[in-house]
Structures are given as C-alpha cells and as structure tokens.
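Engineer: This is the structure, below, for whatever I ask next.
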Amino acid sequence: MRLRYVTTLILLALLAWIQLQIWSGRGSYPNVEIMRAEIEVQHASNELMRQDNARLNNDIADLRDGREMMEEIARQELGMIKPNEIFVQYTKP
6 MRLRYVTTLI
16 LLALLAWIQL
26 QIWSGRGSYP
36 NVEIMRAEIE
46 VQHASNELMR
56 QDNARLNNDI
66 ADLRDGREMM
76 EEIARQELGM
86 IKPNEIFVQY
96 TKP
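As structure tokens, this is what we get:
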C-alpha cells in the first residue's frame, strides 16, 4: 500500500517537472514563440539586404559595362556639359 503512494508521488513529481519544462524551460512554448518572431524579423531583414545587394550588383555591372550611368551622375551632380552643348537653367514658377 505504501509503495503505491510512493510510486504515485514520484509519478506526480515527474509530471509536474515535465509540465514545468514545457511551460517555462529552455524549449518552452513561450520561448519558441519568441524565437519564431525573431526568425521572422531576421528573414525580413535578410530579404531587404538581398534586394540591396541585387541593386548594388546591378549598379556595379552598369559601371563596368557602360558609361551612361557615369555620365548621368556627372551631369546631375557635377554639372557636366559636353562640347558644343548649351546649358540652359530655368526655375519653375
């Protein structure tokens, strides 16, 4: 009879320990949800970085392949004018 109570108490203690691990341990439900949210944030950040890298790779290819982009930047930022061109500046009213 006493062995039955001891066995029951041991099993209840193990059940309580398992429940404690499920709800507050390292791999607990709340902890897993927090990690999933962090993973989603990291995936979004990675996607933005992939897009930035693709844009930069396209800019690098344009700079290597053609002079059009360099000429456009020089015209806009440095005011480059080709020989025999006339520069006209106007302001919108």
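Numbering of the sequence shown is given in our numbering, commencing with residue 6 and proceeding in unit increments. Heads up, the beta-carbon is just placed ideally off N, CA and C, and yes, glycines get one too. None of these values were measured; they are calculated from a predicted model.
Determine the direct distance from the alpha carbon of L83 to that of E76, and round the result to whole angstroms.
Structural biologist: E76 and L83: Cα-Cα distance of roughly 10 angstroms.
Engineer: Where D57 and L17 are concerned, what is the direct C-alpha to C-alpha distance, given to the nearest angstrom?
Structural biologist: Those two C-alpha atoms are separated by around 56 angstroms.
Engineer: Give the straight-line distance between the Cα atoms of H9 and E38, rounded to the nearest whole angstrom.
Structural biologist: Reading off the sequence shown, one finds Arg at residue 9, where the question assumed His. Their backbone Cα atoms lie some 39 angstroms apart in a straight line.
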